[in-house]
Every structure is written in C-alpha cells, then in structure tokens.
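Some notes on the structure that comes next.
Number of protein chains: 2
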Amino acid sequence: MGCRESGEDYYKIVNIHIYKNLDELKDLLNKYIYHKDHIIIIVGYMKIIYRGRASSEADYARRLLMIKPDGTLLIHEARGRDPVNWQPPGSICSFGIENQELKLRCQRQQYNEEVIVYFKDLFHIGVAILDVSNFFEVKGVERDIVDQIISTGLPIDRNAKLVGKEISTPHGKIDLVYINNERNIMYIIEVKNEKAGVAAVDQLRRYVEYMKQHSRGRNIIGVLIANGISDEAIKLILTYDFIFLNIRNLRIIKRERKLDTYLKDSSVNSLSS
Amino acid sequence: MGCRESGEDYYKIVNIHIYKNLDELKDLLNKYIYHKDHIIIIVGYMKIIYRGRASSEADYARRLLMIKPDGTLLIHEARGRDPVNWQPPGSICSFGIENQELKLRCQRQQYNEEVIVYFKDLFHIGVAILDVSNFFEVKGVERDIVDQIISTGLPIDRNAKLVGKEISTPHGKIDLVYINNERNIMYIIEVKNEKAGVAAVDQLRRYVEYMKQHSRGRNIIGVLIANGISDEAIKLILTYDFIFLNIRNLRIIKRERKLDTYLKDSSVNSLSS
DNA sequence: CGTGCCAGGTGCCCT
DNA sequence: AGGGCACTTGGCACG
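Listed in order, the protein sequences are those of chains R and V.
Following this note's numbering, the numbering of the first sequence begins with 257 at its first residue and continues without gaps.
Following this note's numbering, the numbering of the second sequence begins with 257 at its first residue and continues without gaps.
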C-alpha cells in the first residue's frame, strides 16, 4: 500500500472551478478523448438523447459517464449492471457547447447511431489511466468443455472417432461429429455451457435432420451435452430419441466413474440432471 | 452551469492520505455500501479472482471499480463496453483486509459465484450519489413492431384475422397467428427487429411444423418479418416456402404503397432487403 | 421462481 | 465487412 503519491499520476481530478468558461473546459476534455489509456469520468446532472436502432430520451438526472480511449461511451445510473445508455467501441465522441451547456455527442458509423448528452451541472470530472490486461484466463466456458470432450473422448461411446469440429451446415455449425464405423453410427454433438432450453434441442435437431439427408444410410444420433436442462427440453429430447448428458456427470465420470457405467446410461437415454 | 458548489454534495472524494491505517478506510467503505443511491468508485492497481459459472484470474493492473447500492459490481479496463469482471445486482459485497492489502469480496447467492479483488494501490476513491430515472422511453423494439402489425393488419393478406399473440408451443412462443378462413390459410408470424439469420428461419420453421401437426387440413404459411436477412437465411426461406417481409418495406407500404402491391410481392416471396 | 425470449445486446472467430 | 454463435449473457414478462 506504499506508493499513494505515485497514484496521482494515474488519476487526475479536473478542477471544474478553475475553468472560468465552458470553452476552456470543453477544449480540455476534447484533448483527453482518445488519449492512450485515458478514461474520462464525469459525474453530473445530465440529459441523454439516443437515436439509432431504437431511440430514447432521459431527462436530467444525476448519472456517471465514462469515455474510454477506444471510443466506448458508458452512462450509468444508481442501479443495474448495464448502462442506461452507451456507445460501443469505435464511436466518435466530441464535446461542444449548446445553450451555455456542455454537450457531448458520440456517433457510431455502423447503424447510424448517436448519443447526445447535455450537462446542466458537473459534480466531478476525473481522468484515469487504466490498463488493458492481455493475460486474462477464463475457464469453464463452452470452448473448454468441447476441448475436454475431445481430449477424453466421447463418454457414451469410446470407440467412436472424432471426425469433425465446428462443421458448417446451412443451419449453423455443428460443435462435434463422432463416428463409430463398426456400428455405423454418427453422433452429432451440441454442447451448451448453460442450462439447455427448447432452442438448444431444436438447434441439435436441425443439425441431425440435415445430416440425415446428407449421410445416407448412417445411423444418426443427436447428443446434447449441457449444464442442466429444462422440463420442456427433456420432453423434446425423448421425442426425437436424442441423448442428453449433463456436464456435471461428465466431470464426475471423468474423475471417478468407470466408462462401462456410461455406456449403460447412454443406452437408456440417461436424463439425470 | 450554476450550482457547482452544491455539486460537492453529490460527489465526495475519499482522501486516501487521511486514513493512517487500512482498517479505518475499510470501515468507511463498508459504511458506504448499500447506502441509498451511493456509488463507490475506486481507481486502483488491483488483482481479480472470479469463481462461478466460469472462472478467471486477472493479475494486478490499473482498473476502475464501481459498487452500486443494488449490489452491482463493475470492474472496467481501458477498452470495451463490457466490464472485465462484474457481479449482477443482488450480490453481497464487503471490504476486508488480507496481507495488508485492501480486499473486496462480492458474492452472489444464485450460481454460488464470487469475485474477489485485492488492491495493491489506490489512486482515487469517490462516492457519487446517482439517480434512478424512472421515465425512460424506448421506441423501435420488437414489441412496437408487433403492435404496429396488429393495428395495421397483416400486409400480405388484409382479409386474415388475428387469432393469437404469443402463442405457447413446446418449441417456444409464436409471435402472431393470423387466419384467413375463406382461403383456409393460417399464417405463422415471426418478428425480428434485427437482421434475420438462419436461426430465425428455423425458429419459424419449428413453429410451422408444430402447427401443421396440430391444425389438420389447414394451409400453414410461415411469415418472417425482420429488419433485413442474411443470404443463407434467404435460401432457407425459399426452401421452406416461407414468406419474408422486410420491416423497412412494411413501413414504406404503410405510408405510401398500396396493399395490392404487397399481395403481388408476397405471392412471389418478395425478398427485397 | 423457473422457462422462454428479446436486446440498441456485445464480443469472438471464421470466411 | 458479413455471418454465425457463445456469453458469468442481462433483463423482462409470463405461467
């Protein structure tokens, strides 16, 4: 907790009182926009107008506004994870003055969208220097689950060979395709890191139907691997004679259970959630 | 731009130097958590550990952290619209000390998730009082498009009568259902405010197939109304003999074009995008 | 409260 | 740049 003093290099408070007119302030703020790693933070009493894919107006209220050097605009209120208004990276922001009020306009080429903010009052302006941490590990996402399956093999049929990954079809991309040549079976695998709903089953279904038309004679089995499943989705799984595997069981199996147990489970469409 | 002084009521800078030990600072910050409308803002050099549905570790770097009174946690870096780590509303946050570092733990009951932040250095701490603006108009969303269709009628068949809205099926909810009794036609309408992809067509397809099985004898026609459409989606539309209507044309038609033109378009699966 | 689904989704990766 | 899709999706509305 040592170097508090050096910290001042990384957060500069813009003393609003110093600027006797808005022009100076406006120019200063415009200078900070797009400065490498410089984030402008404004807490104030502001009105917001957004026009684009949708449109909105928000009357004057106390809000927190941030502008990042990549052109991101964020406006937050007292609640909620998402900003009430925003502009994604790549938008072009600039400060101006209108009717003796500080004004911010952020435009986005794509979608022809813009956010305009009018500041009736400013409570705090700061400029922070932030990092972009390159190394940021994430584990447990779908990618990792797919990788795990690839490395450990298809639990329901260890003799099946992986023949494809991210297979493109007109209906979308199939996560994994396995084939057991002896039994003449093709497994179409769809992986969901989240709880599966009806949409996930139907996504699998359209892959299976497509492959049935393009892989003549082969036995096609749809396999949904997900982190739980909804009741309606289970009904569809049974209707289509698909197989559902819970990720939780996948992990347990990998560590403790024997493969024979799996094969038994799979043959009766184990639906343990 | 008058009341700058009063603005100080809405943004309080926590002078880090005053607090001779971390204990005092920790207690102060904990007092501000969940204070009505009080948002804690910390710019500092911090390390983040997240464990939950996924998991991640981010080494020490300069970041901006916010805690909202509803239990929202946001941690931003220099780029991107989304925070690098967060906790949605409803999580429980508290400051502590570990290894002579300030430490923040935010837990979320649901999903058993937690974010832990270690602060090696603090550059700025502020407490802002923000509003929750109740009145926030949004126009142009799908809901409004559906309403517009309901009020102006189905453009491709003005004689069709609306018989259902948000019809639940095992495959999901159908946006709109129209019936023309004279021609014995049922229209299944799916509306997308955005550009339609293959998923949208397949969503419509599963509704149509379901209704074909549950509405014996009737002619079922799938209608996709969207803001543009991708090439692959067009192919599927043609494959399934569906009808695509561009929202843009919907609006134009409503204002300028005559209905006869529509009917002609629809009969040839107008795909103007 | 779970289920389903839209969103100004955003971000990522691939063609 | 466009398309397809996952996401700690978040958020809402409905049964």
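Glycine included, each C-beta is placed from N, C-alpha and C at the ideal position.
Within the DSSP bridge table, the entry for R/Q363 names R/I348, R/E370 as partners. For V/I385, the nearest CB of chain R lies under 8 Å from its own CB, placing it at the interface with that chain.
For R/Y288 against R/L281, the beta-carbon gap comes to about 11 Å, at or over 8 Å, which does not count as contact.
Secondary structure note for V/Y463: its alpha helix (DSSP H) is the uninterrupted segment 454 to 470. The segment 312 to 322 of chain R and the segment 385 to 405 of chain R do not touch, with fewer than three beta-carbon pairs separated by less than 8 Å. Residues of chain V with a Cβ closer than 7 Å to the Cβ of R/V388 are, in chain order, E333, A334, R335. With respect to the 8 Å criterion, V/L432 and V/I405 are classified as neighbours on the basis of their beta carbons.
Interface residue (Cβ-Cβ distance to chain R less than 8 Å): V/I295 is classified as such.
R/V402 carries a helical assignment under DSSP once its states are collapsed to helix, strand and coil. At a cut-off of 8 Å between beta carbons, V/D458 contacts chain R.
By the Cβ-count criterion, R/S424 is exposed, with fewer than 16 other Cβ atoms from all chains shown falling within 10 Å of its own Cβ.
Taking the Cβ atoms as the reference, V/V479 lies roughly 5 Å from V/Y443, within the contact range of under 8 Å.
In the structure shown, V/R335 adopts coil according to DSSP, grouped into three states.
Taking C-beta separations shorter than 6 Å and ignoring five residues to either side along the sequence, the partners of R/F351 in its chain run K282, L285, N286, L360, following chain order. In this structure, V/I485 lies away from V/A455, with their beta-carbon atoms at least 8 Å apart. Sequence-ordered contacts of the segment 424 to 446 of chain V with chain R read P426, H427, G428 [C-beta pairs closer than 7 Å]. Between V/Y463 and chain R, the shortest Cβ-Cβ separation is not below 8 Å. Taking 8 Å as the cut-off, the beta carbon of R/I441 is found closer than this to the beta carbon of R/I477. In this structure V/D377 does not touch R/A334 by the C-beta definition: roughly 27 Å separates them, more than the 8 Å allowed. DSSP places V/R307 in the strand class (E or B) of the three-state scheme.
At least one CB of chain R lies nearer than 8 Å to the CB of V/V454. Counting only Cβ-Cβ distances below 9 Å, R/D279 has no contacts in chain V at all, with the closest Cβ about 12 Å away. Taking all protein chains shown into account, V/H332 has 16 or more neighbouring C-beta atoms within 10 Å of its C-beta and is therefore buried. Around the beta-carbon of V/N368, fewer than 16 other beta-carbon atoms lie within 10 Å, marking it exposed. Here the C-alpha atom of R/D400 lies approximately 10 Å from the C-alpha atom of R/S407. Shown in chain order are the members of the segment 484 to 504 of chain V whose Cβ falls below 7 Å from a Cβ of chain R: E488, K491, L492. The Cβ-Cβ distance between R/N355 and R/I304 does not fall below 8 Å. Under the three-state reduction of DSSP, V/H273 is assigned to helix.
In the three-state DSSP reduction, R/N449 falls in the coil class, being neither helix nor strand. Separation of R/E313 and V/T495 (C-alpha to C-alpha, rounded to the nearest whole angstrom) is 42 Å.
If the five residues before and after R/I298 are omitted, its C-beta is found closer than 6 Å to the C-beta atoms of L321, I381, all from its own chain and listed in chain order. Of all residues in the segment 366 to 380 of chain V, only D377, L378, F379, H380 come within less than 7 Å of chain R when Cβ atoms are compared, listed by chain position. Under the three-state reduction of DSSP, V/A317 is assigned to strand.
Across the structure, V/K268 and V/Q365 are spaced so that their CA atoms are roughly 31 Å apart. The alpha-carbon separation between V/V419 and V/I430 amounts to approximately 12 Å. With respect to the C-alpha of V/H427, the residue from R/L330, R/H470, R/E488 having the closest C-alpha is R/E488.
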